[in-house]
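Reviewing the structure listed below.
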Amino acid sequence: MAICVSCIYTTASFLSNAPERSIIQHYIAGIFHSQEWERFCSFLTMVFGKSELHAQLAADALSFSTKAAPKKNNSRSPGPKGMFNQYSSPSKTEVNQSIEFILFPILKLTDDTVPVYDGHKVDFDPSTHLQRIHELFPDFEGEVPQGSFSVVGYTTSVYSGKENQSHISCNVQWVIVLGTPQ
Numbered sequence: 001m002a003i004c005v006s007c008i009y010t011t012a013s014f015l016s017n018a019p020e021r022s023i024i025q026h027y028i029a030g031i032f033h034s035q036e037w038e039r040f041c042s043f044l045t046m047v048f049g050k051s052e053l054h055a056q057l058a059a060d061a062l063s064f065s066t067k068a069a070p071k072k073n074n075s076r077s078p079g080p081k082g083m084f085n086q087y088s089s090p091s092k093t094e095v096n097q098s099i100e101f102i103l104f105p106i107l108k109l110t111d112d113t114v115p116v117y118d119g120h121k122v123d124f125d126p127s128t129h130l131q132r133i134h135e136l137f138p139d140f141e142g143e144v145p146q147g148s149f150s151v152v153g154y155t156t157s158v159y160s161g162k163e164n165q166s167h168i169s170c171n172v173q174w175v176i177v178l179g180t181p182q
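The UniProt record's numbering applies: residue 1 is where the sequence shown begins, and numbers increase by one.
Right, dumping it as structure tokens:
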């Protein structure tokens, strides 16, 4: 597993409280420094072997999120009965536990807590601190304020969208807040 690390100008944060929408999803969004954005695009297209990737951008801000889930009281119809129902079959196949071990730590699910750390008073050295951030940094209280300088740790994956376009997904793992607006 590889954790990507990027610095962003935070434009929105819903890591503690998910916004009111038809889905539940926690996220932080931010704008990369222009040189960092070019490196990010070059790196991901090379890693995934794609000449072009699409991303979830709004006003130049990229979203780093947890897995989305529908709200429990969603008004959508449950779907057809029978073959596509939501009840599990009495004949179950055992799941390989090693697959579960690999996938779940890297994919933050809807109800997972995304750790947010306060980096204001820690002399941050990425070459040694990233392995022990949970020990070195105190927790940041509340949502990350808009305009904050933050470091985001995340994983990435690619999925096919409409017209066979390749899209990236950035799954937030943790955030370190280095500076907040006055």
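Here a beta-carbon is modelled for each residue, glycine too, at the ideal position from N, C-alpha and C.
Quick caveat, the model's predicted, so the values are computed rather than measured.
- In the three-state scheme derived from DSSP, where H, G and I count as helix and E and B as strand, Val144 is classed as coil.
- Exclusion of the five residues before and after Leu136 leaves Val122 and His129 as the residues of its chain whose Cβ lies within less than 7 Å of its Cβ.
- In this structure Tyr159 is exposed. Its beta-carbon is surrounded by fewer than 16 other beta-carbon atoms within 10 angstroms.
- Closest in alpha carbon position to Thr10, among Val47, Asp60 and Thr45, is Asp60.
- Spatial neighbours of Phe48 in its own chain (CB-CB distance under 6 Å, excluding positions within 5 residues in sequence) are listed in chain order as Val158.
- Annotation note: the region 2 to 52 contains the following uninterrupted beta strand (DSSP E) runs of length 3 or greater, listed N- to C-terminal: 4 to 14 and 27 to 31.
- By the C-beta density criterion, Ala2 is exposed, having fewer than 16 other C-beta atoms within 10 angstroms.
- Under the three-state reduction of DSSP output, Gln182 falls in the coil class, being neither helix nor strand.
- Of the residues assessed, Ser150 falls on the buried side of the cut-off, its CB having 16 or more other CB atoms within 10 angstroms.
- A straight-line Cα-Cα distance of about 31 Å links Leu57 and Arg132.
- Between the alpha carbons of Tyr117 and Ser51 lies a gap of roughly 35 Å.
- Assignment of His129 by DSSP, reduced to helix, strand and coil, places it in the helix class.
- By DSSP's assignment, Ala58 forms a beta bridge with Ala61.
- A direct Cα-to-Cα measurement between Tyr154 and Gly147 gives close to 20 Å.
- Rounded to the nearest whole angstrom, the CA to CA distance from Gly30 to Val152 is 9 Å.
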